[in-house]
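Below is one structure; the comments refer to it alone.
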Amino acid sequence: EVLSRTAPPERTRSPRLTCRTAAALRPKAGEKLCGDQYALFHTGDTVYMALSDGMGSGEAAHCEAAMTVRLLRQFLQAGIEPLPALQTVPAAMLRCRGGAGFTTIDLACLDRSVGTLTLYKYGAAPSYIKHRGTVARYRGQALPAGLESADGAVPPQQLPVSPGTWLVQVSDGVAGEDDEWLQDLLAGWDGPSPRALAEELLRQSVQRTGSADDCAVLVLAVDGRQDTHPV
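This is the structure in structure tokens:
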């Protein structure tokens, strides 16, 4: 029904911003499959970073999270706006799997043509944005997708970004009970590579949490202007 009412967006503006992205996963100790999954992709001038944390761990959680990010990517690439896509994913998942369950959804949308970043969170862990040495923490109030009480609209958080801005999305297994260390690491980070930052966050997470949960880290670095090539 949603697809039948939606036409792919037509964008004519040239992107103002360039960016680089990276992701890293680590399964819970003793598991072969990670119950956290992600998708990094672009449609037109918009770069999407989607992260999902499946219920529990192991194969079941892996399948739930993988289906969540796959459906969300399909909807967004078909031209559906983020809010309708997010509201449609739980029902689509229920139809596909034929049973109950829930996952978190953490979606970040960077519009490179106007320089805005929008965050949508269904039960997701905090996200962190760094600019000029200052780190801001962004939380969401919505419940995980799949719960009956989570059917309403997700309040988006929108903010302007510029070259030098870094975004970090994590699943709740990364920081543990206290995320001060993560904020301190990000505030002092001066490396050029998003992948190096993602891997360093996972490395320190292992030391602090002992791989007690599945972990995922997504990093986006906003660079400069006038890039006409896809991310």
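To get my numbering, take the position in the sequence shown, counting from 1, and add 5.
All residues carry an ideal CB built from backbone N, CA and C; glycine is no exception.
Because the structure is a prediction, the values reported are computed rather than measured.
From the options, pick the residue whose C-alpha is nearest to that of residue i; which is it?
{"i": "Q174", "options": "R208, G181, I134, D228", "result": "I134"}
{"i": "E86", "options": "A71, S62, L112, A65", "result": "L112"}
{"i": "A65", "options": "Q42, E204, L77, Q79", "result": "Q42"}
{"i": "L91", "options": "I110, H136, L45", "result": "I110"}
{"i": "R137", "options": "A226, A201, Q162, A203", "result": "A226"}
{"i": "G178", "options": "L202, R213, P197", "result": "R213"}
{"i": "L187", "options": "L202, S198, P197", "result": "L202"}
{"i": "L172", "options": "G196, L191, D183", "result": "L191"}
{"i": "S216", "options": "R25, L30, G229", "result": "L30"}
{"i": "W194", "options": "L88, T139, A44", "result": "T139"}
{"i": "A141", "options": "T170, C114, K126", "result": "T170"}
{"i": "E49", "options": "A83, G63, M60", "result": "One point to set straight first is that residue 49 is Gly, not Glu, in the sequence displayed. The shortest C-alpha separation from G49 is found at A83."}
{"i": "D218", "options": "M60, T23, T121", "result": "M60"}
{"i": "D184", "options": "S62, G128, A70, Y143", "result": "Y143"}
{"i": "K126", "options": "G145, S62, L115, D116", "result": "G145"}
{"i": "L295", "options": "S62, A44, A221", "result": "Any question about residue 295 goes unanswered here, given that the chain covers just 6 to 236."}
{"i": "L115", "options": "A180, G128, F46", "result": "F46"}
{"i": "G181", "options": "D189, E205, P89, C220", "result": "C220"}
Is the beta carbon of residue j closer than 8 Å to that of residue i?
{"i": "G35", "j": "H67", "result": "no"}
{"i": "T108", "j": "T73", "result": "yes"}
{"i": "A130", "j": "S176", "result": "yes"}
{"i": "A28", "j": "L223", "result": "yes"}
{"i": "S118", "j": "R21", "result": "yes"}
{"i": "L81", "j": "V94", "result": "no"}
{"i": "Q162", "j": "L124", "result": "yes"}
{"i": "P160", "j": "R25", "result": "no"}
{"i": "T23", "j": "G196", "result": "no"}
Which of the three DSSP states, helix, strand or coil, is assigned to residue i?
{"i": "W171", "result": "strand"}
{"i": "C114", "result": "strand"}
{"i": "P161", "result": "coil"}
{"i": "V227", "result": "strand"}
{"i": "D218", "result": "coil"}
{"i": "M54", "result": "strand"}
{"i": "T93", "result": "helix"}
{"i": "R208", "result": "helix"}
{"i": "G178", "result": "helix"}
{"i": "R25", "result": "strand"}
{"i": "D195", "result": "coil"}
{"i": "D189", "result": "helix"}
{"i": "P20", "result": "coil"}
{"i": "T233", "result": "For T233, the predicted model reports a pLDDT of 43, less than 50, meaning its position is unreliable and no value from the coordinates is stated."}
{"i": "A83", "result": "coil"}
Determine, using beta carbons only, whether residue i comes closer than 8 Å to chain D.
{"i": "V52", "result": "Checking the listed chains, one finds no chain D in this structure; it contains a single protein chain."}
Touching by the beta-carbon criterion (3+ pairs, under 8 Å), the region 48–56 and the region 202–211: No, the region 48–56 does not touch the region 202–211.
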